[in-house]
Structure formats: structure tokens, C-alpha cells
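K.L.:
Got a structure here, written out as C-alpha cells. Questions coming.
There are 4 protein chains.
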Amino acid sequence: MKIAIAGASGYTGIELLRILSSYEDIEINQISSRRYSGKRLKDVFPFFSGRFSDLVFQEDIDIQSSDFFFLCLPHEPSVELVKRVYESGKKVVDLSAAYRIKDTKAYTEFYGFEHKYPELLFKAVYGLPELFRDDIKNASVVANPGCYPTASILGLYPAVKEGVIKGEIVINALSGISGAGREPKQQFHYPEAFGDSYPYKPLMHRHIPEMENVLKNVSGSDIKVRFTPHIIPVSRGMIATITFRTDLSKDQIVELYRLEYRYEPFIRFLTEPPHTKYVSGSNFCDIFVDKDERTGLAVVITAIDNLGKGASSQAIQNFNIMTGREETYNLLTGIVYP
Amino acid sequence: MKIAIAGASGYTGIELLRILSSYEDIEINQISSRRYSGKRLKDVFPFFSGRFSDLVFQEDIDIQSSDFFFLCLPHEPSVELVKRVYESGKKVVDLSAAYRIKDTKAYTEFYGFEHKYPELLFKAVYGLPELFRDDIKNASVVANPGCYPTASILGLYPAVKEGVIKGEIVINALSGISGAGREPKQQFHYPEAFGDSYPYKPLMHRHIPEMENVLKNVSGSDIKVRFTPHIIPVSRGMIATITFRTDLSKDQIVELYRLEYRYEPFIRFLTEPPHTKYVSGSNFCDIFVDKDERTGLAVVITAIDNLGKGASSQAIQNFNIMTGREETYNLLTGIVYP
Amino acid sequence: MKIAIAGASGYTGIELLRILSSYEDIEINQISSRRYSGKRLKDVFPFFSGRFSDLVFQEDIDIQSSDFFFLCLPHEPSVELVKRVYESGKKVVDLSAAYRIKDTKAYTEFYGFEHKYPELLFKAVYGLPELFRDDIKNASVVANPGCYPTASILGLYPAVKEGVIKGEIVINALSGISGAGREPKQQFHYPEAFGDSYPYKPLMHRHIPEMENVLKNVSGSDIKVRFTPHIIPVSRGMIATITFRTDLSKDQIVELYRLEYRYEPFIRFLTEPPHTKYVSGSNFCDIFVDKDERTGLAVVITAIDNLGKGASSQAIQNFNIMTGREETYNLLTGIVYP
Amino acid sequence: MKIAIAGASGYTGIELLRILSSYEDIEINQISSRRYSGKRLKDVFPFFSGRFSDLVFQEDIDIQSSDFFFLCLPHEPSVELVKRVYESGKKVVDLSAAYRIKDTKAYTEFYGFEHKYPELLFKAVYGLPELFRDDIKNASVVANPGCYPTASILGLYPAVKEGVIKGEIVINALSGISGAGREPKQQFHYPEAFGDSYPYKPLMHRHIPEMENVLKNVSGSDIKVRFTPHIIPVSRGMIATITFRTDLSKDQIVELYRLEYRYEPFIRFLTEPPHTKYVSGSNFCDIFVDKDERTGLAVVITAIDNLGKGASSQAIQNFNIMTGREETYNLLTGIVYP
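Protein chains in written order, with UniProt numbering: chain A, 1 to 338; chain B, 1 to 338; chain C, 1 to 338; chain D, 1 to 338.
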């Protein structure tokens, strides 16, 4: 099987390459990067020393030459390239937001472009295996979830599905800076981000429609979330601290979550709140569930690696499912600690 | 004026010494530390080079020898020492929680000891000048607020006072590790805390009764907060992201806050969410107020330095008020950036 | 093959467990830790989710029950336990300094204890495969090198072996804090180590006799190094910047190094100075060689992970050699970046 | 006195503004920044709340309107602007390298431009008060030293002046990333610099001619240094670890340094190696001197804040001297710790 990675020089592309380098039965035969076109992978990233380190970045991906595609592109180019892969009859996991939301208005409002292929939006499967595993198996186009939606939806799904939430949902999330991509920016220049932490876009974050859209699809009812993301000064790591009112007791809510996820290989229940570092470099989502009886509010806390379960290793999980592999194949290695 | 600092070798003690070293008209004549008794300040902390660097740590503080006392002790020893200072007729700012809560049961339940001087609890003034400035002026005993309560109460006070909050209050807070004190612990050993972030004690944090007690005192009604603190891997810095339902419009809620705090020298309103680094080493509390009309929830975000406005510089602010100085004296210096 | 790890709850023990969890044909049947005796691995380290996570820490290791031993103990207990494993006819990799130096006086002077088994010192092989691969193959006792000696000796070996160094050798090294172990200490308490960097023990560092002893053994002549270690505020990572006078030209010195290490699977030559992060979590040693013609001094810079090639993955490399496996088995996985 | 700061939006400019905001008897009446022209200081840097926060960035500085000038510009524009200030008869501290070296060839070779005003080079005084205090007093143009040269020259001056160094000088230096300026760059993008450390430009660093030129001027003989700078992942801080052969005993070399610097208000001798954090935000240079009798090499270690004594607070020290103030005026405040 020949694999292509478009936009391979960003953080999600590098992470895909790292994980795929342990697969014996595949060949990565194309990597693309506008910025590094013509350069070898190992000359751009000297730490690369696996099987693919002699690969040369191409300007673009040729659809004829590969069998499976990972797209790590900006949203708009992804709209087009996914369409072209789809028409070729091949399979693609798209790590952008281009096909995540079944509502074209969201693209106009939150992403600033008009989505040209609304019919393909409805053929694309949202690549969160814990919710849509069966659809992913047969999908040609998998829209890999965003990191904030992954952490938030996994923390809400059992409660939303069972309809046990009363009133509003408040999500406060923390994210490492790699989630903002590899492009240097003033606010992420090391001396400024060093030792700093702050909320950003507290009122209208792009990830809200993705979350609400998926939660509505699995519950059949409108769900509204109040979502405030915060930057924390680490490279990788994401926490979502979720609060909602419920009539379930503490034991009932804990049991609900454990039951729903009892066969999930990448969800771990902890008896203490989760740490970003415990999932760093992994595909795990650690979950803590509790209820504050004083206020009647349940507290669900999830932790993922924004580049792992929040992006690239989840893309590999989808790849494993789409290609008939064991879902956990190559994804259960331990984390580097400390 | 002769000043004593008990427990001067902890982080709040060092910060007091730093700020007080710029006062021309005082003498610090006693510093105590069990651990460093007999050693000079500058031998323990080689970076100290101000007027007080030749001071020698004593085992204990002698009440006769000084005129004003700052206590940076654990809660229980503080209960006793505050009492003794009070009986001598002198003034004290206590940075522990020993006299913060007007409810002895809270001490039994949350702090694990029985408070022996309930009558003195009611004479102690809660040292948040933005709420209790007039009481502080004439107080003998000022209970300096905790860092989480400072960030949370300043973010809630205008709304609570006006009674515009409907339903529960959700507070998610981030804190730098210096807030946990100077004692080495496994979870704060550098290799483990490096690059990590996590919530802790999400269900029952000691600071909740302090917050609820003060908010009840200023509003006359029971207030319940859902409070989840998170560790972030920095030395200093604290964010409180507060969410509550209100019928006020965005403009009304913003106006309410600006009006309430319009004369406050240490409260700055920002049009973007605040950064921990913008207040680091300062006595400022930066505030951002907004409303999410989609969900009907107001969002108030505050940022302080947990050792500054959350502890030592707020203690100095109280000291300035208690000794008839300009309240802002020596507290408006710029921050070291980046 | 049944494997025991003594002192498994320290950083080198955890790293061994992580790497060994990918071996299909071994069983770890004993892990010991005084501190956590009786507790399960995954209850102490919640991020552990591999095959060994249900293992229970024992107070001590039983020599009869296992076939191969990794010792991550303090120096003195290791002196004894290595002796006992040796007498049982089994094999051991000792990660302490207990058997690294062929000179009992060094133990008295630098480590503060008298070495009881000088004859066993001479049977132990210094576990730096790039220098002593053939001896390691047949060794029963392998003394795994320290992190500073690994980075320094690999950076000096080709030049020392060929005798091209004139005069003194100056080594300035940087180390992440995990190299100091898992025990919490004041200077490594997060708020204090955060944002700080400093040299330590500049005059007499324990690792000097280890370096000089090995370099003398391979060159036959006395070698003196001036070694200054520095703490940098990261968890993992080590740089050794080495300077010495030589008559070789730049091209000659580069060629000398490349030739010597041309078949080494874990040594990578870079054309730019190495980064600690490029080798983090790996067994690689990245090397940069150059000469400053203005001063006549060669500059050799090496980078390793102090817990990887500087400790645990090097121990696994030795294990692979001692047990007849491919030397690189399981040690060529890519690094997690960024 | 009216003061202008050209290039005030960089890190050295911000630091100058912070320190100068405590001066009662000056007015900053011009700040320039190409990037932020037309914007208010406090709108660009929301943490600014001192006297100057309403200042508006200008495109350029007008020489007629101010009495004293600080230039925080790139080297080439500084060449011109210094010249123009000089011709107006006013005083200037130039923080660029434009007038540091008395050798025009160095500019062609290391800085890539031809210096147009060689005669003015010889009128400019090198602004290291510990060496050139008397010249600075009467200078019109002071070339403020670079951070690496400050740390290195202060660590070498007593030994160089007395001629006690035999053979080559090896300097290994560590620098926080703020030393590279405020412009975002790929290698200083937070996720990449986070947790990383590495040497850079080990063979030919721009600061070498500056160091050698000054050392030659004070000693009369050619001095060659082998200088290797390293990036450490902090915002501020610089260490220079200096090694050289000498016949002086340990006591003699220590005494030589203490004697030379005995009246220096900003030089502190430590009995343990210095920490970057002990001088952060200050104008101090901490020094540690020792000798390794085994190798015959002296070890001198200095620590400064690269933006403090390595740039802006040293510029203020020069300003104090040039304007007849107490040299230490406003520069002895304590550091924010931890």
C-alpha cells in the first residue's frame, strides 16, 4: 500500500510520519510541502532517521501514484483535494476541518469561505471511532476531528447520548501551543509565550460549531456549549474540564461513563484528575468523572495529546480501521516520561 | 517603624522583603524561619542584595521588639501568633487562612483543626481593599486573602453585589506552582512538573468556603461556586475564568464592572483576555468581561500574580492602608517583560 | 527469559520498563522499590498501560526467580547485589557507578565508600558498546556508563585513540534535571528551577574519574579533562561541548571521527550543532565536529538523552548484545517532536 | 531632560522604558517603531501602565525634539542615526554593534556592511563602566556592549589586564532566547524551542571580534578566544564559563578578581556558581572564580541578564554616568523570585 501525506512538514505531518515509520507493510511514496519542496525530509528535520528519512518533499501530491492519503493542509485546499481523492475512488483521512461539519453555513460564518461540495460533506464520516466506528470502516472520506472537539465530545458523549444533561454545558479547555501549528507568530515567539498563560477567543471559537454539530447528530437534540480555550506554555497537551447539571448521582454518572466506554482501548478512567503529560505522544484519552453534590453539577475532565488523539494518532486509528487492521495496531506504545 | 516578618523564608516572605526593601522610612528588624534560624538572609538567598540582606533569621518573632507584623506561617501557628499580636495592641497582616472565614466550622471541616479564638475571627478584617477598604483602615488584624479567592471574588463582586447572577457560578482557575509553597514535593519536582498541566482537588478545594463566605457577606445571600483549580507549569501566575447566567446584556455587564471598579488603582480592564505574564511581579488584577449571547452566559476572566495581588503585594497594599500611606505607594512599578 | 529490575521506580527504571514493554519474548517478573513496595506499577504511575502495568513492586529482588537483572539502585547497594548476581552465574547490567571504574581509590575519594570487591571490578565490562562491544558480548557484569561520561567519551574517543590531542581537554556540559534523579530537592523544586540555569560542582565532579579512567584504558596514556557541568531547565537532554588543541586540519579531524564511527548505528553526524530535542527519548548520540583555525582548537559537540543513551536505552543496547539479539532491536523508533 | 528611544518596541526598548519610568526628572518624549507607528505604547503592550503608557510610536525620531537618545535599532540604521545625533552635539547610547569595534574590517567581515564613519568609531566609547567609566563620563557617543561580550569581558578583564593568562581562552556561554530579539523565527517558535538546548554558530560568532578588540585595547596584546554560545530555553539569562591556564594559585586568582572589582557596585562575588535567575531583571554581574589544580586551569563563571547588564540596564548605567547622576540610581532594586 502506497501512502501520500500532503502538508507533511507541519506538526501533524511529522507525527504521522513518526507513527507510520513502524509499519512494515506500507510505503510512504509521496510527501508534499510548498515550503520545503525539493528538500529531503532528513535535511529539514535532522532528527528523522527512520525508513522515510530520504523522502523528498514534493510541491504537490499526485493522486494516481498513491493508494491512501493523509491531508494536513489548510481548510480550503483540503476541500479541493479531498474531492479529487474521492473521485479517484481512493481513501483519505483529512486532518483539516474541511469536511467535519454537516452544515455549510458554519464554513461561511466561522471559516470565512463558501464550501463548494455540500453533497460530499454528507458522505464524509466524522473520524471519532468511539462514536462512529462502523461508519469509518466503510468510509472513503474521513474527516479527522479537531483536538478541542475530540477532548470535549469524548467527555460529553455518554451523558449527551443518554440525555442526562440539564441546562448549559460549560467547557474550559487548556491547550499546548503546538495546536496552533508550526507557523511562527509573535504571540508564540519563545520569550513571550515562556511562562505565560491566557484564554483566547473566549466568545467565538471555531471549534464550537463542530462540537455542537456532532453532539446534535448523536443525541437528536440541540446542545449548546460555552467553550473557553486557554493557552498553556507547553508544546503538547490538552485538558477539557466540563461542567453540567444532572439529576444522576455521582455513582450513576460514573457508571454511565464506564459502561459506555468499557470496550474502548484508548479510553482510560482515572481515579485522580488526568495529566496532560500522562498522554503525551499517545493516542489515549484519560477521563475523570465526578459530581459536586453541593452544586448539583457533574464534572468531567478529559486529557489528550492535541497532536495525538487530537490529531495524528487518531488519524492513524482511523487508517487502521479503514484498512482492516487491528484498530490499536502500533498505537499502544508507552509514553516517554518524565 | 519596626517590622517583623514571621516565616520569612517562604515565597511570600521573600516577596514581602523585596517590596519592603524600597521603603525608606521603615526598618525590618526581625525575620523568622525555623529552617534557617541563625543564618543570614543573603547566605540563604544569594540574590538578595538590598538593605536587609544582612538580616539573620530568628527561630521565633518577639512581639515586644517590633511595631507591625506580617505572618507567613502555616494556619495553626498563625492562629496563636495573631492572637498574641492582637493582645499587644499592635497591628498584623496574616497571610495564612487562620482568620479569613467567619465560620469556625469551616476550619474543622476544611483545615482539620478547631479554631480556638472565634471571637477574634469577627474582629479580623478580610484584606481585600476593593471590598473592605474602610474596615482595613482601622483594623488591627487583617486576614490577607488567598490567591484563588482574590482572583475569583474580584471577578464576581460587582455582579454578586448587584444580584444579577442566576443559577450556579462555574470557576475554572489556573495557578502557577509557587502557589503551592516552597516545600519540595514529588509532583512539583522539576522533571515531573515540566511540560505538565492538570486539575487537582476538583471536588473540594479549601478555598471554596473562603470565597462563598465573603460573597455571602457582601451580598446577603447564599452563593454557591463550582470551582476547579488547575496547575500550569509556570512559577507565578493565576487566571480565573468565571461563567454565570445573567439577564444583563453584554454592554450592561461590562458597564456594571467598569463602574464598580472605576476608582480602583490596581484593577485594569482589558479588551482582550488577560495574560498571567502581564501582571507577573505586580499588584494588578487584569479583568476581561463579556457575554456569550448564544448561551446567555456572562464570562469574566481575571488574572493576577498569585504571589503578588494574590499574596504579598496585596499584604503591602493592606499595610499601606493600615499605616496611613498612599495605598499605591511602591506598588506601581512596571513588570519585567519578557 | 525472566527479567528483574531493581530500583524500578526511579526515572531510569521507568524508562527501562517503557522500552522493554515492546519485547515479545521476555517476561519482567520482578520489579523492586523500597518506597512503593506492595503497590502496583500502574497505581504509582497512572500513565503505564503496557503489558507490565499490573506488576507489583517488591521490597527486594530475588535472584533465583529471574534470569537477567537491571539494577537502578544507589551505588552502595549495587556493589552488593551485582556481586550476588555474579555469583549466581546470571547476567546483570548495573546502571549505578558501582563497577564503572577500575580504581578502588576513586570510590573512596569521589563516592565516599570503600569498594569491597576490587577483583570483581576487573571482571565488569564498561558498557559503552562503541568502545567495548566485543567484551560486552561475553560479559556477565556490565557497568552501564554515566550520562556525562557517555556524552564526553563518545566525543573524545576517536581523537584520544589516535593520539591527536595536544594539551588539556575542556568539556562544558549541559544536563536536564532528570539526570539528578527522582528525589525531590529544594533546588529542583519547580518554581526555583523554572527559568534558571547554572553550573554546579565546577571543580570536582564525580564523573571525572570515570571519564579519565576509560580514556586512559583505550589510549594507554594519562588524559586530563577540565569538566564543568551546567543545569538547564528541561527534563531530558545533554550536550557536551568539547575543545582541544590538535594539529589535524578540519577535514582530517572530521574524517577521523566519521571513519571511526562509520558502522555505528546510534551515532549520527550532523552538519549543524546538535539539539538535545533531536535525541530526546532515543538511543542516538548526535555528533558535530569542527575546527577553529584561528585558535587551532578542535570543537566536538555531542548530544544525547541523559535517560536514553546516557542511561536506560544504552542499558537495553547492552542487553541486546549480551543476549544475542540484534543490537538495534527496538531502539530505532522515532522521537516525539515537537 | 527630554529623552528619545529609537526602536522602542523591541525587548531592549521595552526594558529601557520600564526602568526609565521610575525617573522623576526626565520626560520620554519620543519613541519610534516602524512596525507600530501611530499606535499607543499601552495598546501594543497592554501590561504597560506607567507614566509613559500613553506615548505613541513614531515612524522616526526627530533629533531636534529630544536631548538624549537611546538607539535600539539594527546595526546599519544605527550607524547613520548615531552620526546625526553626534553632529547635533547631543548624547546617545547606541545599543547596536554599530560603534563597538575600533576596526572597520570587522564590520565588513562579520556584519556584512561597510562602516561609513570610521573616524566616529574612534570617538565612540565602549560602554562597559567597569573598564571605561572615566571615558563614558565625557562621551557623546557610547556604544553599549553586547550581552556575550559583557559577560565574557567582565570575566576576563582582571586576568587579561594583569597578563596572567597562558595560552588560549575557552568560553562556553549560555543565553536565553530574548537575546535573539523580538522577531518571530522558526527555531524560536515555542513548540520547537520548548525543552530544547543547542550550541549555535560554534565557529564564527559575531561577538568574537568585539571581545578580542576590547581585550586587546585594555591589555595591549593580542588575545584569542574560543567562544561557543548555546541556546537555553528561558526568556532571560546568560552564563559565561571561562577557562584558561594560569600560574597563579587559586587564592591568588580569587584575590586578583576581588581586588580589581572591589568598588564595583554591580559585581557580586559568590562562593557557589552563579544562577541566571539570581540576576534576572537586574544590572548585576555575579562572578565565581576558582582554579582546578589538577589541570592548572582557572575557571571563571559570570552570570548576567542578557537584557539587563547585557543590554538595557547597562545602557541606563551609562546614562546615569553621562548625565552626572549616581551611577547606581534606580538600578539596585531586588529581583522577582521565584
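Ideal Cβ positions, reconstructed from N, Cα and C, are used throughout, including at glycine.
Output yes if chain C places a C-beta closer than 7 Å to the C-beta of A/Ile-335; else output no.
P.N.:
Interface residue, yes.
K.L.:
To the nearest whole angstrom, what separates the beta carbons of C/His-115 and C/Ser-96, a pair I think is in contact under 8 Å?
P.N.:
Their Cβ separation, rounded to whole angstroms, is 12 Å, which puts C/His-115 and C/Ser-96 out of contact at 8 Å.
K.L.:
Since A/Ala-315 and A/Phe-70 should fall inside the 8 Å C-beta cutoff, what is the C-beta to C-beta distance between them, to a whole number of angstroms?
P.N.:
At roughly 6 Å, the Cβ-Cβ gap stays under 8 Å, so A/Ala-315 and A/Phe-70 are in contact.
K.L.:
I'd like to know if C/Tyr-198 contacts chain D, where contact means its C-beta is closer than 7 Å to some C-beta of that chain.
P.N.:
For C/Tyr-198, the answer is yes, since a Cβ of chain D falls inside 7 Å of its Cβ.
K.L.:
Go through its chain and collect everything with a Cβ distance to C/Thr-302's Cβ below 6 Å, but skip five positions before and after it.
P.N.:
If we look at C/Thr-302 and ignore the five residues flanking it on each side, its Cβ neighbours are Ala-151, Leu-154, Gly-155, Ala-240, Cys-285, Ile-287.
K.L.:
Looking only at its own chain, which residues have a Cβ that is under 8 Å from the Cβ of A/Val-160, when we skip the five neighbours before and after it?
P.N.:
If we look at A/Val-160 and ignore the five residues flanking it on each side, its Cβ neighbours are Leu-215, Val-218, Ser-219, Ile-223.
K.L.:
Below 8 Å on C-beta distance, what does A/Ala-193 contact in chain D?
P.N.:
Here the neighbours are Tyr-190.
K.L.:
Looking at C-alpha atoms only, which residue of A/Arg-294, A/Asn-320, A/Ser-175 is the closest neighbour of A/Arg-133?
P.N.:
The shortest Cα separation from A/Arg-133 among A/Arg-294, A/Asn-320, A/Ser-175 belongs to A/Asn-320.
K.L.:
Under 7 Å, do D/Gly-13 and D/Ile-3 count as touching if we go by C-beta distance?
P.N.:
Result no, Cβ atoms of D/Gly-13 and D/Ile-3 do not sit closer than 7 Å.
K.L.:
Going by DSSP, what residues sit across from D/Glu-27 in a beta bridge?
P.N.:
Paired residue(s): D/Lys-2.
K.L.:
Can the beta-carbon of A/Thr-276 be found less than 7 Å from the beta-carbon of B/Asp-196?
P.N.:
Yes, they are a contact pair.
K.L.:
For the region 260 to 291 of chain D, which residues have a CB atom closer than 7 Å to at least one CB atom of chain C, in sequence order?
P.N.:
Those residues of the region 260 to 291 of chain D that come within reach of chain C (Cβ to Cβ, closer than 7 Å) are Pro-273, Pro-274, His-275, Thr-276, Lys-277, Asp-290.
K.L.:
Taking the runs of the beta strand (DSSP E) that are 3 residues or longer, which of them lie wholly in the region 173 to 231 of chain B?
P.N.:
The qualifying runs are 225 to 231.
K.L.:
Please confirm whether D/Met-238 and D/Ile-304 have their CB atoms less than 7 Å apart.
P.N.:
Going by C-beta atoms, D/Met-238 is nearer than 7 Å to D/Ile-304.
K.L.:
Closer than 7 Å by beta-carbon distance: list the chain D residues that pair up with B/Pro-229, in chain order.
P.N.:
Within chain D, no residue comes near B/Pro-229; the closest Cβ sits about 20 Å away, beyond 7 Å.
K.L.:
Kindly indicate if chain A contains any beta-carbon less than 7 Å away from that of C/Pro-233.
P.N.:
Judged by the 7 Å Cβ criterion, C/Pro-233 is not in contact with chain A.
K.L.:
Report yes if the C-beta distance between C/Ile-31 and C/Leu-55 is below 7 Å; otherwise report no.
P.N.:
Closer than 7 Å, so yes.
K.L.:
Does DSSP classify D/Thr-241 as helix, strand or coil?
P.N.:
Note: D/Thr-241 maps to strand in three-state DSSP.
K.L.:
For chain B, is any of its Cβ atoms less than 7 Å away from the one on D/Pro-145?
P.N.:
Chain B contact via Cβ: absent.
K.L.:
In three-state terms, what does DSSP make of A/Arg-258?
P.N.:
In the structure shown, A/Arg-258 sits in a helix (DSSP, three-state: H, G or I).
K.L.:
Between B/Ala-106 and the rest of its own chain, which residues show a CB-CB distance below 6 Å, the 5 nearest in sequence each way excluded?
P.N.:
Here the set comprises Pro-209.
K.L.:
Quick one, which of C/Ala-98, C/His-207, C/Tyr-278 has its alpha-carbon nearest C/Pro-118's?
P.N.:
Of C/Ala-98, C/His-207, C/Tyr-278, the residue nearest in Cα terms is C/Ala-98.
K.L.:
At a Cβ cut of 7 Å, what residues of the region 7 to 26 of chain A count as close to chain B, listed as they run along the chain?
P.N.:
Answer set for the region 7 to 26 of chain A: empty.
K.L.:
Considering D/Phe-70, what are the terminal residues of the beta strand (DSSP E) in which it resides?
P.N.:
Taken as a continuous stretch (DSSP letters only), the beta strand (DSSP E) holding D/Phe-70 covers 68 to 71.
K.L.:
So for A/Asp-292, helix, strand or coil by DSSP?
P.N.:
A/Asp-292 falls in the strand class under three-state DSSP.
K.L.:
When the Cβ atoms of the region 176 to 187 of chain C are set against those of the region 259 to 275 of chain C, are three or more pairs found closer than 8 Å?
P.N.:
With the cut-off at 8 Å, the region 176 to 187 of chain C and the region 259 to 275 of chain C do not touch.
K.L.:
Along the region 151 to 179 of chain D, where does the CB come closer than 7 Å to a CB of chain C? Name the residues.
P.N.:
Answer in chain order: Glu-168, Val-170, Asn-172, Leu-174.
K.L.:
Roughly how many angstroms separate the alpha carbons of D/Asp-292 and B/Arg-51, rounded to a whole number?
P.N.:
Cα-Cα distance, rounded: 35 Å.
K.L.:
Whose Cβ in chain D lies nearer than 8 Å to the Cβ of C/Lys-224?
P.N.:
Within 8 Å Cβ-Cβ: Arg-294, Thr-295.
K.L.:
Using a Cβ-Cβ cut-off of 6 Å (strictly less than) and excluding sequence neighbours within five positions of C/Leu-270, which residues of its own chain qualify?
P.N.:
So the qualifying residues of the chain are Asp-286, Phe-288.
K.L.:
Taking 7 Å as the limit between beta carbons, can you name the residues of its chain near C/Tyr-329, skipping five residues before and five after?
P.N.:
Cβ within range, chain order: Asn-320.
K.L.:
Taking the alpha helix (DSSP H) that A/Ile-301 belongs to, which residues open and close that run?
P.N.:
A/Ile-301 -> not in any alpha helix (DSSP H); beta strand (DSSP E) instead, spanning 297 to 304.
K.L.:
By how many angstroms is the C-alpha of C/Leu-203 removed from the C-alpha of D/Leu-297?
P.N.:
Cα to Cα, D/Leu-297 sits roughly 10 Å from C/Leu-203.
K.L.:
Between C/Val-92 and C/Ser-22, what straight-line distance do the alpha-carbon atoms span, to the nearest angstrom?
P.N.:
One C-alpha to the other measures close to 20 Å.
K.L.:
Taking the alpha-carbon positions, what's the B/Glu-212 to A/Glu-212 distance?
P.N.:
Answer to the nearest angstrom: the Cα atoms are 33 Å apart.
K.L.:
Which chain B residues sit within Cβ distance under 9 Å of A/Val-299?
P.N.:
Under the 9 Å cutoff, chain B gives Pro-199, Pro-202, Leu-203, Arg-226, Thr-228.
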